[in-house]
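This report refers to the structure that appears directly beneath it.
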């Protein structure tokens with residue numbers, strides 16, 4: 002085994018000797034935030050595919066251990082591994098060259114172990130030389146490189162060009178060699194001490210796309226904000242996937258922020274709702290974790306209105322009044338899966354069965370998964386007790402149906418864990434992830450996946466999508482009633498549900514803050530009071546849009562006053 006240290010100058014000279022027809026022009030790298038992907042190039046009828054993966058799959062700037070990059074060359078038409086591949090790797094971060102070298106794999110597989118060390122422009126390779134073209138190799142197809150690669154947060158650009166394949170001395174056409182570009186990310190971890198009411202709280206921000214700056218906490222709004230560099234030129238990612246993931250961890254002891262199940266978030270002025278925001282109070286017991294996501298369609302739509310010259314994305318997160326809604330889709334925390342939930346019926350009622358259609362999509366491309374998805378699904382109560390579950394379920398060709406038994410009235414979590422994707426009989430476990438959502442009983446599930454511009458967030462501010470899902474009087478009476486409650490009112494007015502069921506459902510929604518009313522004096526709890534017919538009639542009129550919120554709310558207030566509803 003040989004130890005060899007190269008500088009940029011000696012490398013360039015070596016490349017001139019090996020082949021003068023292998024061009025490379027360093028460019029500023031803007032990546033997609035992946036930790037593994039397939040990239041392709043064509044030679045005649047062959048689709049030469051390079052699978053590249055970083056291990057461990059989640060790397061952050063505070064990981065000081067070794068990292069691994071795994072390569073596999075194969076023909077996508079036959080899934081046959083290609084042997085005897087000599088290829089150049091150029092690793093850059095921004096406009097800095099971290100490594101540019103020639104490697105060789107006999108088997109078509111190569112693992113590079115990255116050890117921290119070296120400086121920009123200098124790296125150390127531990128391995129042997131291929132006797133034919135001189136590429137770095139080993140008998141086990143495992144090579145160690147000492148250098149500043151994947152050691153700090155941000156985007157890394159790996160540009161690969163094939164020199165030879167199939168046979169060690171069979172050079173490809175160097176006027177147009179197969180080229181591959183992969184962009185891998187290391188989560189940038191930053192910790193900040195923020196102050197609220199003279200108390201200090203340690204928060205953590207992880208950006209899985211690029212380094213962040215301008216971290217700030219607005220005490221008056223209880224709002225966190227930060228910026229991340231981003232090139233808004235859509236031409237650079239029009240033909241490739243792109244994905245952004247930000248993770249904010251806030252101590253639960255900061256109750257002014259953490260004592261709510263819902264948050265208002267934005268990215269460069271666009272409200273993040275639905276699948277674009279995940280709130281996780283469970284994974285780290287003492288912390289509330291907020292995940293923010295943007296995929297390619299989101300970024301393309303945002304770019305249409307982002308002012309020229311903008312070179313970053315500003316994120317904002319703040320608590321808002323409780324407004325929990327049943328989820329129509331989930332996004333996994335890692336792995337990059339978009340899970341669409343097709344509730345049937347869409348009206349969720351207590352102790353009923355629902356045919357839940359589950360479809361899995363690649364959130365990077367928004368294409369439905371063609372393989373078979375192995376997953377676990379659970380419905381959990383507020384204490385994370387399992388109310389219903391099924392393990393090792395399989396969604397063939399990315400879609401399937403589960404018959405779910407819904408529990409009694411309440412707010413529950415739905416959790417789906419993606420365990421593997423099997424394609425052509427080969428299971429892939431490299432993109433596991435967990436998606437979390439909510440089930441509100443009773444409620445009607447609506448899907449609104451639009452991305453709309455919003456105003457500044459505060460604890461009293463709603464994002465546009467949430468505003469669309471609620472009606473408010475214009476008289477300053479402080480009445481907030483979600484639109485889907487109209488369905489419940491309609492069923493009650495038609496005697497599809499009884500008085501007790503309707504009253505208990507309304508009572509629960511008021512206690513959870515989903516329905517908001519002006520202060521109303523409560524009477525003594527009573528089960529013997531009959532609901533007047535005018536209240537039921539008003540409910541039907543309101544459901545049909547014939548009376549306003551204030552008139553319907555008067556009926557609810559009456560039930561509170563006489564003790565039918567206790568809050």
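In our numbering, the protein residues as written are 2 to 568.
Quick reminder that beta carbons are idealized off the backbone N, C-alpha and C, glycines included.
Judged by beta-carbon spacing, residue 88 lies within the 8 Å limit of residue 104, meaning their Cβ atoms are closer than that value. CA-to-CA, the gap between residue 142 and residue 79 works out to about 23 Å. Below 8 Å, enough C-beta pairs join the segment 310-327 and the segment 247-261 to call them touching: three or more.
Between residue 115 and the set 108, 107, 124, 109, the nearest pair of CA atoms involves 124.
Distance from the CA atom of residue 54 to the CA atom of residue 158, rounded to whole angstroms, is 13 Å. When C-beta atoms of the segment 343-353 are compared with those of the segment 397-413, three or more pairs fall below 8 Å, so the two segments count as touching. Looking only at 398, 421, 264, the smallest Cα-Cα distance to residue 321 is reached by 264.
If you draw a 10 Å sphere on the C-beta of residue 257, you find fewer than 16 other C-beta atoms in it, and that means exposed. Shown here for residue 278: same chain residues with a beta carbon closer than 8 Å to its own, the five before and five after excluded, namely 264, 266, 291, 292, 293, 294 in chain order.
Where residue 128 is concerned, the enclosing beta strand (DSSP E) starts and stops at 123-130. Around residue 397, the same chain offers 373 as residues with beta carbons nearer than 7 Å, after the five sequence neighbours per side are excluded. Residue range 534-544 is occupied by the alpha helix (DSSP H) that includes residue 538. For residue 333 and residue 556, the gap between their C-alpha atoms comes out near 42 Å.
The Cβ atoms of residue 288 and residue 325 do not sit closer than 8 Å to each other. Residue 219 has its alpha-carbon roughly 9 Å from the corresponding atom of residue 196. Using a 10 angstroms sphere on the CB of residue 425, the tally of other CB atoms stays under 16, which defines it as exposed.
In the DSSP assignment, residue 551 falls within the unbroken alpha helix (DSSP H) covering 550-562. The continuous beta strand (DSSP E) containing residue 250 extends over residues 244-252. Contact annotation, residue 356 with residue 402: C-beta distance approximately 6 Å; criterion of less than 8 Å satisfied. Ranked by how close their Cα comes to the Cα of residue 177, the residues 202, 423, 161, 190 have 161 in first place. The three-state reading of DSSP puts residue 237 in helix, counting H, G and I together.
Within the segment 396-421, complete beta strand (DSSP E) segments of at least 3 residues are found at 400-406, given in chain order. Taking every protein chain shown into account, the CB of residue 493 has 16 or more other CB atoms within 10 angstroms, so this residue is buried.
For residue 211 and residue 57, the gap between their C-alpha atoms comes out near 18 Å. In this chain, the beta strand (DSSP E) harbouring residue 208 covers 200-208.
Separation of the CB atoms of residue 99 and residue 121 is rounded to 6 Å, and the pair is thereby assigned contact status at 8 Å. Within the same chain, 379 come within 6 Å of residue 390 by CB-CB distance, once the 5 residues on both sides are set aside. Buried is the label assigned to residue 327, since at least 16 other Cβ atoms lie within 10 Å of its Cβ.
Of the residues assessed, residue 189 falls on the buried side of the cut-off, its CB having 16 or more other CB atoms within 10 angstroms. Per DSSP, reduced to three states, the secondary structure at residue 174 is coil, with no helix or strand assignment. Residue state for residue 502 is assigned as helix, using DSSP reduced to three classes.
Residue 375 and residue 393 do touch by the CB rule: their CB atoms are close to 6 Å apart, below 8 Å. Between residue 354 and the set 344, 111, 558, the nearest pair of CA atoms involves 344. Assigned with DSSP and collapsed to three states, residue 169 falls in coil, not helix or strand.
Between the alpha carbons of residue 438 and residue 444 lies a gap of roughly 14 Å. Judged by beta-carbon spacing, residue 187 lies within the 8 Å limit of residue 151, meaning their Cβ atoms are closer than that value.
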